[in-house]
Amino acid sequence: MSFMHLAVAAPFAYAAIVPLLHRSFPRVHTGWFVLPLPVALFAYWLSRFAVVRSGVGEEARLSWIPSLGIDLSFHLDGLSLLFVLLITGIGGLVTLYSIFYLSKTKERIGRFYVYLLLFMGAMLGVVLSDNLIALYAFWELTSLSSFLLIAFWHQRERSRYGALKSMMITVLGGFAMLAGFVLLYIMTGTYSVREMIPQVGALASQPLFFWAMALVLVGAFAKSAQFPFHIWLPDAMEAPTPVSAYLHSATMVKAGLYLVARLTPLFGGTSEWFWLVSAFGLATLFWGSFQAVKQTDLKAILAFSTISQLGLIMCLLGLGSAALAFEGNVSDVYVLAMTAAVFHLVNHATFKGALFMVAGIVDHETGTRDIRKLGGLAAIMPITFTFAVVGAGSMAGLPPFNGFLSKEMFFTGVLNASRMNFFSMEAWGALFPIVAWTASVFTFVYSAVFVFKTFLGKAKPEQLPTKPHEAPLGLLLPPAALVSLVVAFGLFPDIASYYLIEPALASIYPSLLAPGDDFHVHISFWHGWTAELFMTIGVVAVGSLLFWQLRRWLGVYGRLPRQWSLNALYDGALEGLERGSARLTNAYMTGSVRHYLLYIFTFLIAVVGYALYRTGAFGAIDPGYPGYAPICIYEAMLVTATLLATLSVPFARSRMTMIILVGAVGYMVVLFFVLFRAPDLALTQMIIETVSVALFLLCFYHLPKLRKETTSRRFKLTNAVVSVGVGAIVAIAALAASGTNGFESIADYYLEESYHLGGGKNVVNVILVDFRGFDTLLEIMVLGIASLGIYAMIKLRAPRQVDRKGDSSNES
Numbered sequence: 001m002s003f004m005h006l007a008v009a010a011p012f013a014y015a016a017i018v019p020l021l022h023r024s025f026p027r028v029h030t031g032w033f034v035l036p037l038p039v040a041l042f043a044y045w046l047s048r049f050a051v052v053r054s055g056v057g058e059e060a061r062l063s064w065i066p067s068l069g070i071d072l073s074f075h076l077d078g079l080s081l082l083f084v085l086l087i088t089g090i091g092g093l094v095t096l097y098s099i100f101y102l103s104k105t106k107e108r109i110g111r112f113y114v115y116l117l118l119f120m121g122a123m124l125g126v127v128l129s130d131n132l133i134a135l136y137a138f139w140e141l142t143s144l145s146s147f148l149l150i151a152f153w154h155q156r157e158r159s160r161y162g163a164l165k166s167m168m169i170t171v172l173g174g175f176a177m178l179a180g181f182v183l184l185y186i187m188t189g190t191y192s193v194r195e196m197i198p199q200v201g202a203l204a205s206q207p208l209f210f211w212a213m214a215l216v217l218v219g220a221f222a223k224s225a226q227f228p229f230h231i232w233l234p235d236a237m238e239a240p241t242p243v244s245a246y247l248h249s250a251t252m253v254k255a256g257l258y259l260v261a262r263l264t265p266l267f268g269g270t271s272e273w274f275w276l277v278s279a280f281g282l283a284t285l286f287w288g289s290f291q292a293v294k295q296t297d298l299k300a301i302l303a304f305s306t307i308s309q310l311g312l313i314m315c316l317l318g319l320g321s322a323a324l325a326f327e328g329n330v331s332d333v334y335v336l337a338m339t340a341a342v343f344h345l346v347n348h349a350t351f352k353g354a355l356f357m358v359a360g361i362v363d364h365e366t367g368t369r370d371i372r373k374l375g376g377l378a379a380i381m382p383i384t385f386t387f388a389v390v391g392a393g394s395m396a397g398l399p400p401f402n403g404f405l406s407k408e409m410f411f412t413g414v415l416n417a418s419r420m421n422f423f424s425m426e427a428w429g430a431l432f433p434i435v436a437w438t439a440s441v442f443t444f445v446y447s448a449v450f451v452f453k454t455f456l457g458k459a460k461p462e463q464l465p466t467k468p469h470e471a472p473l474g475l476l477l478p479p480a481a482l483v484s485l486v487v488a489f490g491l492f493p494d495i496a497s498y499y500l501i502e503p504a505l506a507s508i509y510p511s512l513l514a515p516g517d518d519f520h521v522h523i524s525f526w527h528g529w530t531a532e533l534f535m536t537i538g539v540v541a542v543g544s545l546l547f548w549q550l551r552r553w554l555g556v557y558g559r560l561p562r563q564w565s566l567n568a569l570y571d572g573a574l575e576g577l578e579r580g581s582a583r584l585t586n587a588y589m590t591g592s593v594r595h596y597l598l599y600i601f602t603f604l605i606a607v608v609g610y611a612l613y614r615t616g617a618f619g620a621i622d623p624g625y626p627g628y629a630p631i632c633i634y635e636a637m638l639v640t641a642t643l644l645a646t647l648s649v650p651f652a653r654s655r656m657t658m659i660i661l662v663g664a665v666g667y668m669v670v671l672f673f674v675l676f677r678a679p680d681l682a683l684t685q686m687i688i689e690t691v692s693v694a695l696f697l698l699c700f701y702h703l704p705k706l707r708k709e710t711t712s713r714r715f716k717l718t719n720a721v722v723s724v725g726v727g728a729i730v731a732i733a734a735l736a737a738s739g740t741n742g743f744e745s746i747a748d749y750y751l752e753e754s755y756h757l758g759g760g761k762n763v764v765n766v767i768l769v770d771f772r773g774f775d776t777l778l779e780i781m782v783l784g785i786a787s788l789g790i791y792a793m794i795k796l797r798a799p800r801q802v803d804r805k806g807d808s809s810n811e812s
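full-length UniProt numbering puts the first residue of the sequence shown at 1, with every later residue one more than the last.
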C-alpha cells in the first residue's frame, strides 16, 4: 500500500478512533484531536507540487477485484491536486471553525467528526480514483456521509427532509452514472480513465457513446445541483453551518464539476457534450441567481447563490470543451473558458466558504439568520462585516477581489462563444452573453442584499433572540484565512495560475500539449476598455438600480405558481409513490397464509414452466424411460402406499389423522432410501421426520378444535389446480433433468477425488464437509441462530404491568 492509499485511508481510520477519544477526554473538544489530520494531509499534498508540475504525476495501485478489472488505482495530477488541496485545506478551516461553533456539551460532536472524516476520505477517493468503479464507490459514500451530516440535527423535521432529499437525488444520479461507466467499459474494455483516453478517436462513432455521455452527466448534474436537480441544495442548508461551508461551497457540490472536467478528454469536442454541459450550466446560472434574490434566510441566499455559481462553472466547462474540436492555435480561444472555469472554481471555494462562515457567525451571535430581523450589525460586528464585504464583493464580481477576474474571464468566454461558427452556435450563440449578463445582474443584487440587509440600515435589537456582539477569535480565524486568499488571488492571480490552473489544464487537455510543453496562463486586472469591462459596469449600474427599487419589483416572485415548481413535483411524486405502494401492498398483503402460498406456487409454476419451455426440456422427456432399471415389486408397493397416504390427507377429519398421514409419507421416503442402499440419508430423514411429527403434535395440541367450514367450489378448484400444477411442474422438471445431459456430470469428479482431496471414503460426507464446506458452515450458523432464537423465546418473560386497580397482568 502506497502513501497515497494511506492518505486516503487516514480519515476513515481516524474516524474509527474518534468515538474513543471523545469518551476518553470529555473535557476537551473533540475537534482539537481531529484538526491535526486535515492539516497534515494538506501539508503532504502541498509537498507534491513539484511532482505534478513536472508533468509526470504520481500513481499508486492496489488490487481489488482483478478478474473484473477493478482496483484501487489512484492518480495524482494537476486536476486532482487542486481538489485534494480544497478538500483538506478548507476541511482544516472548517474543523477549526466547528470547534467554536458547536458546543461540546449540547451537541453530539463525536458523531459529527466521525461523519466529517468519512466525508473527507470519500471525497479524496473520488478525486484521486482512476478506476471508475472505485470512483463510483467513493461517490456514493459521499452521498451517504453527507446525508448523515445534513441530518445531524435529526430531531428537526426539516433536517430529516433535507437529508433524505439530497441523498435520493444524488444517489439516483449516481446509479445513472454507474450505468454510464459500464457502457464506457463495454466500449473500451477498461475502467481506467487514463487507458480510455487513447481510445477517444474510436469512441464517438460507437452507438453507445451518447448514452454513456448522457448517463454520466445525469450523475454529475445531480451531485453539482444543476437544473433541474438543484432542488436538494437549498433544503440541505438545514445542516450545521460548518457542514454547509464545507460540503456546499468547496467539496461535495464540486464533485460533479470534477467529473465533467475529468471526462472532458473523452467526451469533449463533440456537439452533444458541448451543448448539454454549457446549456444546462447556463440555465442553472440564471435560475439560481434569480431565485436567490427573494430569499430571506442568509443560508438560503447562499444556497441559491451556490447553485448559480456552480452553473457558471459548468457552463465554462462546456464552452472550454470546444477546444478539443480543433488542433492548433484556433483552440486557444476556447482554452480560455476552461481556464476561467478552473480559476472560478478556486475563487468560489474561497469567497463562498467565507460567506457561509459569516452567516454562521451572525446566526451564532444574534440567534437568527432572517434578514427581516437583522440590520445595523456593522457597528457591532465590524470584523465580520469586513469579511462579508470582501466575500460578497468577490461573489458580485467587483475589483479588486478574485471573483472580478474570473467573472471577466467568464464574460470573455461567452462573448467568444457567441462568435462560434460550429456546433449550431450561429443561431443560438447570442443567447450566451445575454443570459450570462442578466444572471450577473441578479448576482450583484443578492450580494447587495446579503451585505446591506444584514449589516447596514437600522438595527432591530428588539427582534433578535440574543444580544449581538462580535464573534470570538476562533470563529473569525477561518473566514479570515479565506478572505485573505480572496484578496491575494485578486491582487496576485498568477500565484494561482502557476501552482493550480496550469497543472489542471494540462490534466484536462493532455492531447493539446506536445511532449515537454506546458500551458502558460497569465491573468491581469487591466486589459483596456473592453466589452467585458463595459458589461461589468452595466451589471453594477443596473444591479444597483434593481436593489434600490427592490420592494417595487419583488412581488414578481409571488406570481410564480407554487404547484408548478420542481419542489412541488418532487413532493407530489413522493406522495404518489407512497400512496401507490400502500395500495399495492394492501392488495396482496391480506394476512391470509393461503393467499401467500398461492402467490408463491403460482410464481413457481410460471417461472419454472417458462424456463422448461424456453430450454426445450419438454422434448427431452421420454415416456419409455430408456436407461432406467426395472421397477421391482417392493418399489411399486412403496409408491402405492405413498400415494395412498398423500391422497388421504385432504380427506382427513382431524388434525391428528393429518399429522399421522404426513408422517407416514415421510417414513415411506425413509424406506425408499433403505431400499436404494443410502443408510445415512435414511437415518437423517428418519430423525427429521420424527422430530417434525413431534413438533407438529405439540403445536397443534394448543390450537382450537378443528371446525368443519363450508368452502365454495371456486375455493376448492383453485387449490386443486395450483396443487396439481406444482406437482406436475416439479415432476416434469425432474424427468427433464434426468432425460437431458447438457453438462458433464460432476458426480464422477466427486467419486474420483473425494478420497484423494478430502481424505474420506464416504463421498456424501466429503461433499458436505470439504467440497461444500462453506455451505455446511452457513447452514450450521442458521441452525445455531434459530436455536438461540428459540431458546430466547422460551426464556423470555414479558414484564408485568400493574393496572389502575392494583392488579398485575402480563403485557401482551
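Even glycine gets a Cβ: it sits at the ideal position worked out from N, Cα and C.
- Shown here for residue 504: same chain residues with a beta carbon closer than 6 Å to its own, the five before and five after excluded, namely 78, 79, 82, 342 in chain order.
- Pairwise C-beta distances place the segment 288-306 in contact with the segment 230-242, as three or more of them are shorter than 8 Å.
- Considering only 511, 61, 66, 664, the residue with the shortest C-alpha distance to residue 73 is 61.
- Here the segment 194-214 lies against the segment 259-276, with 3 or more beta-carbon pairs under 8 Å apart.
- The beta carbon of residue 432 is closer than 6 Å to those of 414, 417, 418 in its chain, skipping five residues each way along the sequence.
- Secondary structure of residue 738 (DSSP, three-state): helix.
- Inter-residue distance for residue 634 and residue 778 is about 38 Å (C-alpha atoms, whole angstroms).
- The C-alpha of residue 304 lies about 26 Å from the C-alpha of residue 263.
- Boundaries of the alpha helix (DSSP H) around residue 23: 3-24.
- With the rule of 3 Cβ pairs closer than 8 Å, the segment 352-365 does not count as touching the segment 544-559.
- According to the DSSP secondary-structure assignment, residue 65 is paired through a beta bridge with 70.
- Rounded to the nearest whole angstrom, the CA to CA distance from residue 381 to residue 456 is 11 Å.
- With respect to residue 506, residue 519 sits close: the two C-beta atoms are nearer than 9 Å.
- Collapsing the DSSP output to three states places residue 58 in a strand.
- Setting aside the 5 residues that flank it on each side, residue 667 is surrounded in the same chain by 686, 689, each with a C-beta closer than 8 Å to its C-beta; the list follows chain order.
- Looking at the DSSP output, residue 75 shares a beta bridge with 59.
- Boundaries of the alpha helix (DSSP H) harbouring residue 213: 209-223, taken from the DSSP string.
- For residue 146, the enclosing alpha helix (DSSP H) begins and ends at 132-150.
- Rounded to the nearest whole angstrom, the CA to CA distance from residue 766 to residue 786 is 25 Å.
- Counting along the chain, residue 49 sits inside the alpha helix (DSSP H) bounded by residues 49-53.
- Selection 404, 656, 137, 735 evaluated against residue 537 yields 404 as nearest (Cα-Cα).
- The Cβ atoms of residue 368 and residue 242 lie no closer than 9 Å to each other.
- Taking residue 425 as reference, the option from 375, 26, 319, 569 with the minimal CA-CA separation is 319.
- Taking a 10 Å sphere around the C-beta of residue 338, we find 16 or more other C-beta atoms and assign the residue as buried.
- Look at residue 748 here: in three-state DSSP terms it is helix.
- By the neighbour-count criterion, in which 16 or more other beta carbons inside 10 Å mark a residue as buried, residue 549 falls on the exposed side.
- Cβ contact annotation for residue 109 (same chain, cutoff 6 Å, sequence separation greater than five): 30, 102, in chain order.
- Of the residues assessed, residue 26 falls on the exposed side of the cut-off, its CB having fewer than 16 other CB atoms within 10 angstroms.
- Excluding five sequence positions before and after residue 599, the CB atoms of its chain that fall closer than 8 Å to its own CB belong to 588, given in chain order.
- Under the Cβ criterion (8 Å, minimum of three pairs), the segment 599-618 counts as touching the segment 722-730.
- Collapsing the DSSP output to three states places residue 424 in coil.
- The C-beta separation of residue 281 from residue 312 comes to about 7 Å, placing the pair in contact by the 8 Å criterion.
- DSSP, read as helix, strand or coil, puts residue 103 in coil.
- Under the 10 Å beta carbon count, residue 595 is surrounded by fewer than 16 other beta carbons and is classified as exposed.
- Residue 252 and residue 9 have their alpha carbons spaced roughly 18 Å apart.
- Assignment of residue 712 by DSSP, reduced to helix, strand and coil, places it in the coil class.
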